[in-house]
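Following our numbering, the numbering of the sequence shown begins with 4 at its first residue and continues without gaps.
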Amino acid sequence: MTKKKLINVIVILAAFLGFIYIMSTIPFCSDDWAWGASVGAQRLATHFRGYNGRYLGNLLILLLTKSNFIKTVGMAVVSFSVVYLIYKYIGDGKLFYFVFALFLLVIMPSNIIRQTMAWASGLANYIPPIALTLLYLVIVKNIFDKDKPKYNNLLIPVSFVVGVCGNLFMEHVTIMNVVVSIGVIVYSYIKFKTFFKVHVFNFLGNICGAAIMFSNSAYGIISSGGDGYRSVAGEKENLFSWLLKSIDRVCTRSVESNALINILISILLLTIVLNITKKCEMKKGKKRFLLSCVIFDFAYTVFVFIKEYVRFPAGTFNSPAMNIIRCVLATIFIVSLIVVPLVAYEDKDRAFKAVIPILAESVLIVPLLVVSPVTGRCFYPPYVMFMLYSCELMRFVMENYVNSSKVKKTIYTLVVVGAIIGSVFYTVKYTEVRAFEKERNSFVSAQIEEGNKTVYLPHYPAYLENYTEGTTPRPYSWYSLWEKRYKDFYGIDQNISIETISYSQYKQMKNK
Numbered sequence: 004m005t006k007k008k009l010i011n012v013i014v015i016l017a018a019f020l021g022f023i024y025i026m027s028t029i030p031f032c033s034d035d036w037a038w039g040a041s042v043g044a045q046r047l048a049t050h051f052r053g054y055n056g057r058y059l060g061n062l063l064i065l066l067l068t069k070s071n072f073i074k075t076v077g078m079a080v081v082s083f084s085v086v087y088l089i090y091k092y093i094g095d096g097k098l099f100y101f102v103f104a105l106f107l108l109v110i111m112p113s114n115i116i117r118q119t120m121a122w123a124s125g126l127a128n129y130i131p132p133i134a135l136t137l138l139y140l141v142i143v144k145n146i147f148d149k150d151k152p153k154y155n156n157l158l159i160p161v162s163f164v165v166g167v168c169g170n171l172f173m174e175h176v177t178i179m180n181v182v183v184s185i186g187v188i189v190y191s192y193i194k195f196k197t198f199f200k201v202h203v204f205n206f207l208g209n210i211c212g213a214a215i216m217f218s219n220s221a222y223g224i225i226s227s228g229g230d231g232y233r234s235v236a237g238e239k240e241n242l243f244s245w246l247l248k249s250i251d252r253v254c255t256r257s258v259e260s261n262a263l264i265n266i267l268i269s270i271l272l273l274t275i276v277l278n279i280t281k282k283c284e285m286k287k288g289k290k291r292f293l294l295s296c297v298i299f300d301f302a303y304t305v306f307v308f309i310k311e312y313v314r315f316p317a318g319t320f321n322s323p324a325m326n327i328i329r330c331v332l333a334t335i336f337i338v339s340l341i342v343v344p345l346v347a348y349e350d351k352d353r354a355f356k357a358v359i360p361i362l363a364e365s366v367l368i369v370p371l372l373v374v375s376p377v378t379g380r381c382f383y384p385p386y387v388m389f390m391l392y393s394c395e396l397m398r399f400v401m402e403n404y405v406n407s408s409k410v411k412k413t414i415y416t417l418v419v420v421g422a423i424i425g426s427v428f429y430t431v432k433y434t435e436v437r438a439f440e441k442e443r444n445s446f447v448s449a450q451i452e453e454g455n456k457t458v459y460l461p462h463y464p465a466y467l468e469n470y471t472e473g474t475t476p477r478p479y480s481w482y483s484l485w486e487k488r489y490k491d492f493y494g495i496d497q498n499i500s501i502e503t504i505s506y507s508q509y510k511q512m513k514n515k
């Protein structure tokens, strides 16, 4: 092993151990209580009939809630695989792109992180399918090479299994996987005038997986309006009102919340366009078009940054007219991310490789406009596609326009420092989460040992609640349901009443 490869292995292993540590700090909460106790066993006994078609996601969360050790290792492997597979997709073996992918992960919006990587139930359904999509893209990335692809025969059953398994976790990723597999087949046929068994079998696997998922009776119940939690457009209110609310929610979480990565993408696209228009002979109309696109991207990014980080009066951006304007702006932004590489790159294979993630992200977003509920965790797969796109742009810039070793070192240093700062930040936060979870569990246990029939359960402090999901039984009409599940998971007598209290009340009680 060369010194370079050894360093790569050491850094990647260190990163994986970092994932192990952080996942060891994540508490079981909310839906985990149901899956890890009698409710999960009941759902398994009925083969999830009438619940959902996320069969592998359901089985995974049943496994993760068996023990802290299984949860820690399982969550670490799944979360780490996304960063590693992006690094493999980029394909040149440079450690920089692994660190860059890690940096992009730690600047992910906190509302996505807390509902996926910081929550076993969220992780089980939302991260594995996009990881399997990335695995397939790694397998077929050779379609963007000049030479005709060659595949080991073992990849034929592997691609089929990846297709089936990837479609048994999350509905909108299932739809995207089918579209991606069709896109790979069409692109390869146009370019090489032939079909490849690996591509065809992945498509067949996707169709089988989708058929298995959507054959579950739950989707018929939802579409008929018989589900009290999940619904589709126009079921409970008129379609226009529904779409206006969906546009607000989807625009916010799919594009506007990604202010930091949007800034980075805009800088990379501007760098590409400025260099290409200088070095290449290009018609003035084409130059103006490209410059207009990147100027719009920057203007939109500034708008998004201001909207996300400056406080405005409530409702400023939520009127029907404003929602439509935001939707149009977000759509133009996404289209620009696709168009600029396709128009600017001389190497069209490289251009298509770059824009595939944004095309996939667009497919992921559309179904979220017509279903409810849609929460932060639904946007983990789209964000991963933005990560992949950003890495492709960065590689193009580094290979073509960064010739100075000093500039390269500066970029490397900024990315490494950013990744380290983000990693340390989350390490500190989740170390605090684990400490409070242990403290809270001890507080509850002490009350039970004293024979109290009413046990007080404190909320997390406000500065930690933004990084956890459902750590306390939910209030209002569903409180009794989640109280029962909490007691069931922790083996607390159901005759004991759980009463939630604020963190400040807890501190007062503790001091007394």
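Idealized CB from N, CA, C, for every residue including glycine.
Beta-bridge pairing of residue 457 - partner residues as DSSP gives them: In the sequence shown, counting from the first residue as 1, residue 457 sits at position 454. Beta-bridge partners of residue 457 (DSSP): 500.
At the level of alpha carbons, what is the spacing between residue 225 and residue 391? Along the sequence shown, one-based indexing puts residue 225 at 222. Along the sequence shown, one-based indexing puts residue 391 at 388. Between the C-alpha atoms of residue 225 and residue 391 there is a straight-line separation of about 33 Å.
Given a cut-off of 8 Å, decide if residue 293 and residue 313 are closer than it, judged by their beta-carbon atoms. Counted from its first residue, the sequence shown places residue 313 at position 310. Counted from its first residue, the sequence shown places residue 293 at position 290. Taking 8 Å as the Cβ cut-off, residue 313 and residue 293 do not qualify as a contacting pair.
Starting from residue 505, trace the alpha helix (DSSP H) both ways and give me its first and last residue. Translated into the one-based positions of the sequence shown, residue 505 becomes position 502. It is not in any alpha helix (DSSP H) - residue 505 carries neither H nor E in the DSSP assignment.
Just mark residue 262 as buried or exposed, buried being the case when its beta carbon has 16 or more other beta carbons within 10 Å. For the purposes of this step, residue 262 is taken as residue 259 along the sequence shown, with counting starting at 1. Flag for residue 262 reads buried.
Closest to residue 333 by CA distance: which of 255, 442 and 501 is it? Locating residue 333 in the sequence shown gives position 330, counting from the first residue. Minimum Cα distance to residue 333 is reached at 255.
Decide yes or no for the touch test of the segment 63 to 72 against the segment 36 to 52: beta carbon pairs closer than 8 Å, at least 3 of them. The segment 63 to 72 is in contact with the segment 36 to 52.
Start and end residues, alpha helix (DSSP H) containing residue 344: Start at 1 with the first residue of the sequence shown, and residue 344 comes out as number 341. Segment 323 to 347, the alpha helix (DSSP H) holding residue 344.
Distance CB(residue 367)-CB(residue 253) smaller than 8 Å: Here residue 367 refers to the residue found at position 364 when the sequence shown is read from its first residue. Here residue 253 refers to the residue found at position 250 when the sequence shown is read from its first residue. No; because the gap between Cβ atoms is not below 8 Å, this pair is not in contact.
Which runs of the alpha helix (DSSP H) at least 4 residues long sit entirely within the segment 143 to 222? Give them in chain order. Whole alpha helix (DSSP H) segments, 4+ residues: 158 to 169, 174 to 195 and 200 to 217.
Considering Cα atoms alone, identify which of 245, 301 and 412 is closest to residue 270. Mapped onto the sequence shown, residue 270 falls at position 267. Cα-wise, what sits closest to residue 270 is 301.
C-beta contact flag for residue 461 and residue 493 at 8 Å: Against the sequence shown, residue 461 aligns to sequence position 458. Against the sequence shown, residue 493 aligns to sequence position 490. For residue 461 and residue 493, no; Cβs fall outside 8 Å.
Buried or exposed, going by whether 16 or more other CB atoms sit within 10 Å of the CB of residue 118? Within the sequence shown, residue 118 is the residue found at index 115, counting from 1. Around the beta carbon of residue 118, a 10 Å sphere encloses 16 or more other beta carbons of the protein chains shown; the residue is thus reported as buried.
Counting C-beta neighbours from all protein chains within 10 Å, is the total for residue 316 16 or more, i.e. buried, or is it exposed? Walking along the sequence shown from the start, residue 316 turns up at place 313. Under this definition residue 316 is an exposed residue.
Output needed for residue 105: all residues of its chain with C-beta closer than 7 Å, excluding positions within five of it in sequence on either side, in chain order. As a position in the sequence shown, residue 105 is number 102, starting the count at 1. Cβ neighbours of residue 105 beyond the five flanking positions: 18, 86 and 422.
Just checking, does the segment 217 to 233 make contact with the segment 374 to 394 on the three C-beta pairs under 8 Å criterion? Touching, yes.
Rounded to whole angstroms, what's the CA-CA distance from residue 323 to residue 306? Just pull it up for me. Start at 1 with the first residue of the sequence shown, and residue 323 comes out as number 320. Start at 1 with the first residue of the sequence shown, and residue 306 comes out as number 303. Rounded to the nearest angstrom, the two C-alpha atoms are 18 Å apart.
Check whether the segment 128 to 147 touches the segment 88 to 102, taking contact to mean three or more Cβ pairs, one atom from each stretch, closer than 8 Å. Flag = yes, the segment 128 to 147 and the segment 88 to 102 touch.
Simplified DSSP assignment, three categories, for residue 70: The residue given as residue 70 occupies position 67 in the sequence shown. DSSP places residue 70 in coil when its eight states are reduced to three.
Which of helix, strand or coil does DSSP assign to residue 407? As a first step, residue 407 is located in the sequence shown; it is residue number 404 there, counting from the start. Here residue 407 sits in coil by DSSP.
State the Cα-Cα distance for the pair residue 416 and residue 397, rounded to the nearest angstrom. Here residue 416 is taken as the residue at index 413 of the sequence shown, counted from 1. Here residue 397 is taken as the residue at index 394 of the sequence shown, counted from 1. Roughly 15 Å between the two C-alpha positions.
Please list, in chain order, all residues of the same chain as residue 59 whose beta carbon is under 8 Å from its beta carbon, the five residues on each side excluded. Against the sequence shown, residue 59 aligns to sequence position 56. Take residue 59, set aside five residues on each side of it, and the residues of its chain with a beta-carbon closer than 8 Å to its own are 131, 168, 171 and 172, in chain order.
Neighbourhood of residue 124 by C-beta, 6 Å cutoff - its chain only, sequence neighbours within 5 removed: The residue labelled residue 124 in the question sits at position 121 within the sequence shown. Excluding residues within five positions, the ones whose Cβ falls inside 6 Å are 34, 35 and 64.
Could you check which residue in 507, 468, 348 and 454 has the C-alpha nearest to that of residue 496? For the purposes of this step, residue 496 is identified with residue 493 of the sequence shown, where counting begins at 1. Residue nearest to residue 496 within the set 507, 468, 348 and 454 is 454 (criterion: CA-CA distance).
How would you label residue 208, buried or exposed, when you count the other beta carbons within 10 angstroms and need 16 or more for buried? Taking the sequence shown and counting its residues from 1, the one referred to as residue 208 is at position 205. Per the 10 Å Cβ criterion, buried.
Out of 403, 15, 211 and 299, which one is the CA nearest neighbour of residue 342? Looking up residue 342 in the sequence shown gives position 339. Nearest Cα to residue 342 within the set 403, 15, 211 and 299: 299.
Our contact map puts residue 115 next to residue 380 with C-beta atoms below 8 Å; I'd like the distance itself, whole angstroms only. Position 112 of the sequence shown, counted from the start, is the residue given in the question as residue 115. Position 377 of the sequence shown, counted from the start, is the residue given in the question as residue 380. Indeed they touch by this definition, with Cβ atoms about 7 Å apart.
How would you label residue 50, buried or exposed, when you count the other beta carbons within 10 angstroms and need 16 or more for buried? Along the sequence shown, read from residue 1 onward, the residue named residue 50 stands at position 47. Residue 50 comes out exposed.
For the segment 152 to 167 and the segment 348 to 358, state whether three or more C-beta atom pairs, one from each stretch, are separated by less than 8 Å. The segment 152 to 167 is not in contact with the segment 348 to 358.
Rounded to whole angstroms, what's the CA-CA distance from residue 136 to residue 180? Just pull it up for me. On the sequence shown, residue 136 is found 133 positions in, with the first residue counted as 1. On the sequence shown, residue 180 is found 177 positions in, with the first residue counted as 1. Cα-Cα distance, rounded: 7 Å.
Is residue 387 closer than 8 Å to residue 110 when the C-beta atoms are compared? Counting from one through the sequence shown, the residue named residue 110 turns up at place 107. Counting from one through the sequence shown, the residue named residue 387 turns up at place 384. Not closer than 8 Å, so no.
Quick one: measure Cβ to Cβ for residue 476 and residue 486, integer angstroms, because I've assumed they're closer than 8 Å. Taking the sequence shown and counting its residues from 1, one reaches residue 476 at position 473. Taking the sequence shown and counting its residues from 1, one reaches residue 486 at position 483. The beta-carbon distance between residue 476 and residue 486, rounded to whole angstroms, is 5 Å. This is short enough to meet the 8 Å contact definition.
Given a cut-off of 8 Å, decide if residue 483 and residue 456 are closer than it, judged by their beta-carbon atoms. Here residue 456 refers to the residue found at position 453 when the sequence shown is read from its first residue. Here residue 483 refers to the residue found at position 480 when the sequence shown is read from its first residue. Going by C-beta atoms, residue 456 is not nearer than 8 Å to residue 483.
Anyone know if the C-beta pair for residue 70 and residue 22 falls short of 8 Å? Residue mapping note: residue 70 aligns to position 67 of the sequence shown, counting from 1. Residue mapping note: residue 22 aligns to position 19 of the sequence shown, counting from 1. A distance of 8 Å or more separates the beta carbons of residue 70 and residue 22.
Looking at the unbroken alpha helix (DSSP H) that takes in residue 119, where does it start and where does it end? As a working mapping, residue 119 is identified with position 116 in the sequence shown. Careful: residue 119 lies outside any alpha helix (DSSP H) and carries neither H nor E.
Hey, residue 121 and residue 472 are a contact pair by Cβ (cut 8 Å); roughly how many whole angstroms apart? By 1-based counting over the sequence shown, the position of residue 121 is 118. By 1-based counting over the sequence shown, the position of residue 472 is 469. Right, the Cβ-Cβ distance comes to about 7 Å (below 8 Å), so this counts as a contact.
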